[in-house]
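Q: I'd like to ask you about the structure that follows.
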Amino acid sequence: MQEALEIFRDIIKYSIFFIAADKSEENTVRELISSCTEYIYLTKLSLISDTVKSDKIKYAEVCSIMTACNLDSSMHRFLILKSAKAACKSIGNYITASMFIKKMLIYEKEVIKYIRYIFNNLAVFEFQKSFRSSKARV
Amino acid sequence: MQTIEDNTRSIGKEINLNQMDVEEIDNRVRPSVPLKPIISLKNKEYHTNWVTHTEIRRVVQSNLDNILNQTDETADSGLGGLQIDSSTGFGFTLGEGSKKEETAVSKDKVEEQKKKIESKWDDEEDEDDDEEIKRIIEEKSKSVKNMNEGLTIKQDDHIYSQFERSSVPGIQLAIGNIRMTLNYLMSQLGIGSNLEQLKPIMKEVYMSSYSQIKLIPCLPVNEFLLRQTKNRLVMPQNGVSIQNMKKLFNVYYFKFYSI
């Protein structure tokens, strides 16, 4: 995570010296900077959560703050909501856990699509592996 | 030879040509002006008739001045042949009259300064002191010569002159005006402190904006990277591009799936 934090920071530093020719390029770089800032927040919070894992209440608090980050991918949001739900459930705070579950349902379809895509690819990869191994034997 | 013989036979006359005559004709075809060295010092590579890219790069005014300001032996022996014509094709011209006048004026100034320094100590009539001063002056002049002797100074490209006044810090950094980039960072983004974090990045960006791609041997090397945009504008290209930044971003973007 520490490496990720450094790299996201470096991207923002590099973007200072970017020479944009068009407005479209400028907008893309702006989007990249905004996404980088959000991921920096997330990495920082995840590093804090690793240190406070023994204290369950604090851990749940940090996890619930992590859900406030505006991340690009729906899968990332889903995973964070899932971890926050589990943390709240472990404490016994079922009200906030149910709130996280409601939010998770929004990303259900997209997540299912993603999982199906992964499974399909996995099947292809396994087939390729088996084909290569059979070739090697021959 | 064969064509001449055939022509003579067709006319009806026969002319016997000696090979010695032909050699004389060949010698006349060659350049009438023999190869003259510009400077008869260590730089024996520079010749007036041999015009190549490397010569143009090396023979710059500052480099010449250093050689011109050397001892009087050079003036007697080699400076008479200082002939650089404007046939280089890269805008380097050096006339005979004007440059000589300039060098003469600079030499006079140096001599006057030396005389002034020496005249201060005339009243005391101490030869030792004069010798010491002479030694100091000689040592200083030698050190300056040695500093500039091995250097190859390049003429500024027209690209630099185009982008010198741009207010984009990236362009200023690519050109090498680091002081200007820092000023623009302060004025545009308010970055005035903790600049040590940006040091390695600035180094990388500066180093990545130069290359040595030699396409045609007679043309100068494409050192400064440029790119053509959609509107057919030519912009300088840093090492910082959207693709590179996205690649960096995607390295840890996909690692977050394992949270």
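Chains as they are written, first to last, in the numbering used here: chain A, 1 to 138; chain B, 139 to 397.
The beta carbon of each residue, even a glycine, is placed where N, CA and C say it ideally should be.
None of these values were measured; they are calculated from a predicted model.
Given a cut-off of 7 Å, decide if Y344(B) and L320(B) are closer than it, judged by their beta-carbon atoms.
A: no
Q: For the 8 Å Cβ check, are there 3 or more pairs between the segment 46-60 of chain A and the segment 18-34 of chain A?
A: By the Cβ test, the segment 46-60 of chain A is not in contact with the segment 18-34 of chain A, since fewer than three Cβ pairs between them sit closer than 8 Å.
Q: DSSP three-state label for L363(B), please.
A: coil
Q: Roughly how many angstroms lie between the CA atoms of T37(A) and L336(B), to the nearest whole one?
A: 18 Å
Q: Compute the distance between the beta-carbons of M373(B) and I16(A), then report whether it is under 7 Å.
A: no
Q: In the DSSP output, which residue or residues are listed as bridge partners for V372(B)?
A: Beta-bridge pairing links V372(B) to Q366(B).
Q: Between R195(B) and chain A, is the shortest Cβ-Cβ distance under 7 Å, so that the two count as touching?
A: Bear in mind that the predicted position of R195(B) carries a pLDDT of just 42, short of 50, making it unreliable; the figure below should be weighed with that in mind. So, not an interface residue.
Q: Under a three-way DSSP split, which group does Y348(B) fall into?
A: In the three-state reduction of the DSSP assignment, Y348(B) falls in the strand class.
Q: Residues of chain A with a CB under 7 Å from the CB of L371(B): which are they?
A: A21
Q: Give a yes or no on whether 7 Å exceeds the smallest Cβ distance from Y344(B) to chain C.
A: Protein chains A and B are contained in the structure displayed, whereas chain C is not.
Q: Indicate whether at least one CB of chain A lies closer than 7 Å to the CB of G330(B).
A: By this cut-off, G330(B) is not an interface position.
Q: With the cut-off set at 7 Å, would you say T81(A) and M99(A) are in Cβ contact?
A: Contrary to the premise, residue 81(A) reads as Leu rather than Thr in this sequence. Contact: no.
Q: What is the DSSP secondary structure of L179(B), reduced to helix, strand or coil?
A: Since pLDDT at L179(B) reaches only 45, below the 50 mark, its modelled position is unreliable, and no value is offered.
Q: Label P338(B) either buried or exposed according to how many other C-beta atoms from any shown protein chain fall within 10 Å of its C-beta, with 16 as the threshold for buried.
A: exposed
Q: Does any residue of chain A have a CB that is nearer than 7 Å to the CB of G314(B)?
A: no
Q: Since L364(B) contacts Q375(B) with CB under 8 Å, what's their CB separation in whole angstroms?
A: Cβ-Cβ separation between L364(B) and Q375(B): approximately 6 Å, consistent with a contact (criterion under 8 Å).
Q: Go through its chain and collect everything with a Cβ distance to R168(B)'s Cβ below 8 Å, but skip five positions before and after it.
A: For R168(B), the predicted model reports a pLDDT of 48, less than 50, meaning its position is unreliable; a value from the coordinates is still stated below. Within the same chain, no residue comes within 8 Å of R168(B) by CB-CB distance, once the 5 residues on both sides are set aside.
Q: Using the rule of at least 16 other Cβ atoms within 10 Å of the residue's Cβ for burial, across every protein chain shown, is L79(A) buried or exposed?
A: buried
Q: Helix, strand or coil for E110(A)? Go by DSSP, reduced to three states.
A: helix
Q: Is the distance from the Cβ of A87(A) to the Cβ of Y59(A) below 7 Å?
A: One thing to note: A87(A) has its Cβ within 7 Å of the Cβ of Y59(A).
Q: May I ask which residues mark the beginning and end of the alpha helix (DSSP H) holding S34(A)?
A: K23 to T51
Q: For D10(A), go through chain B and note every residue whose CB falls closer than 8 Å to its CB, in chain order.
A: I339 and L386
Q: Comparing C-alpha positions only, which one of I65(A), A21(A) and I7(A) sits nearest to R370(B)?
A: The residue from I65(A), A21(A) and I7(A) with its alpha-carbon nearest to that of R370(B) is A21(A).
Q: So with Cβ pairs under 7 Å, would you call A97(A) a contact of chain B?
A: no
Q: Distance, Cα to Cα, L45(A) vs A68(A)?
A: 11 Å
Q: When you compare only the Cα positions, how much space is there between K89(A) and F392(B)?
A: 27 Å
Q: Classify T367(B): buried if its beta carbon has 16 or more other beta carbons within 10 angstroms, exposed otherwise.
A: exposed
Q: Does the beta-carbon of C63(A) have 16 or more other beta-carbons within 10 angstroms, so that it is buried, or is it exposed?
A: buried
Q: So, at 7 Å on beta carbons, what are the nonlocal neighbours of G377(B) in its own chain, with the 5 sequence-adjacent residues on each side left out?
A: E342, V343, S346 and S347
Q: Alpha carbon to alpha carbon, how far is K272(B) from K247(B)?
A: Taking the straight line from one Cα to the other gives about 17 Å.
Q: List the residues of chain B whose Cβ lies closer than 9 Å to the Cβ of F51(A), in chain order.
A: As written in the sequence, residue 51(A) is Thr, which differs from the Phe given in the question. The premise fails here: T51(A) is roughly 16 Å from chain B at the closest Cβ pair, so nothing lies under 9 Å.
Q: Kindly list the residues whose CB is nearer than 8 Å to the CB of S49(A), restricted to its own chain and excluding five residues on each side of it in sequence; keep chain order.
A: The answer, listed in chain order, is Y59, V62, C63 and M66.
Q: Less than 6 Å between C-beta atoms, sequence neighbours within five positions excluded: which residues of the same chain meet that for F362(B)?
A: I297
Q: Looking at the structure shown, is A84(A) part of a helix, part of a strand, or coil, going by DSSP?
A: In this structure, A84(A) counts as helix in the three-state DSSP scheme.
Q: How about P307(B) and L323(B): do their beta carbons lie closer than 7 Å?
A: yes
Q: Checking contacts by CB at 7 Å: is I115(A) closer than that to chain B?
A: no
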